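**Student:** In this note's numbering, each number is its position in the sequence shown, counted from 1, plus 5.
Even glycine gets a Cβ: it sits at the ideal position worked out from N, Cα and C.
No experiment lies behind these values; they were computed from the predicted model shown.
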Amino acid sequence: MEPTQAYRYTMVIQWSNEDQMYLVHLPEFPWRRFHTHGQTYEEAARNGQEVIAMMVDYCHAEQRSLPEPRTVDSAA
Numbered sequence: 006m007e008p009t010q011a012y013r014y015t016m017v018i019q020w021s022n023e024d025q026m027y028l029v030h031l032p033e034f035p036w037r038r039f040h041t042h043g044q045t046y047e048e049a050a051r052n053g054q055e056v057i058a059m060m061v062d063y064c065h066a067e068q069r070s071l072p073e074p075r076t077v078d079s080a081a
């Protein structure tokens with residue numbers, strides 16, 4: 006998989022009042038509820054991209070099928 010294709014996965018970034026940080030969920034990798042976090046939105050997004058790359062590497066190493074990235078039909 007090309008590196009840019011790894012980033013086609015969905016990343017949901019939400020503020021947590023309880024944790025006082027942004028939590029990152031990757032819906033296509035459902036075996037964990039939250040995958041990473043960050044003190045800022047930008048940090049959470051960077052961390053999320055790193056985790057996506059690690060999940061792709063893990064699937065390749067374990068010879069697991071990669072989940073299909075979710076897509077939307079249009080932005081309108």
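Would you grab the beta carbon distance between Y27 and A49 for me? Rounded to a whole angstrom, and I think it's under 8 Å.
**Tutor:** Translated into positions along the sequence shown, residue 27 becomes position 22. Translated into positions along the sequence shown, residue 49 becomes position 44. The Cβ separation is near 4 Å, so the contact holds.
**Student:** Does the beta-carbon of M59 have 16 or more other beta-carbons within 10 angstroms, so that it is buried, or is it exposed?
**Tutor:** Against the sequence shown, residue 59 aligns to sequence position 54. M59 comes out exposed.
**Student:** Quick check: what's the CA-CA separation for D24 versus H65?
**Tutor:** Numbered from its first residue, the sequence shown carries residue 24 at position 19. Numbered from its first residue, the sequence shown carries residue 65 at position 60. Taking the straight line joining both Cα atoms gives about 33 Å.
**Student:** Can you determine whether any heavy atom of the ligand HEM sits closer than 8 Å to the C-beta of A80, and answer yes or no?
**Tutor:** Among the ligands in the structure shown, none appear at all, so the ligand HEM cannot be discussed.
**Student:** Under the rule that 16 or more other beta-carbon atoms within 10 Å means buried, what is V61, buried or exposed?
**Tutor:** For the purposes of this step, residue 61 is identified with residue 56 of the sequence shown, where counting begins at 1. Buried, by the Cβ-count rule.
**Student:** State the CB to CB distance for the pair L71 and G53, rounded to an integer number of angstroms; the pair is presumed to be in contact (CB under 8 Å).
**Tutor:** Reading the sequence shown from its first residue, position 66 is the one you call residue 71. Reading the sequence shown from its first residue, position 48 is the one you call residue 53. The pair is not a contact, with the Cβ atoms about 17 Å apart (cut-off 8 Å).
**Student:** In its own chain, which residues sit with a C-beta less than 7 Å from the C-beta of D13, not counting the 5 before and 5 after it?
**Tutor:** Within the sequence shown, residue 13 is the residue found at index 8, counting from 1. For the sequence presented, residue 13 should be read as Arg rather than Asp. Contacts found: P74.
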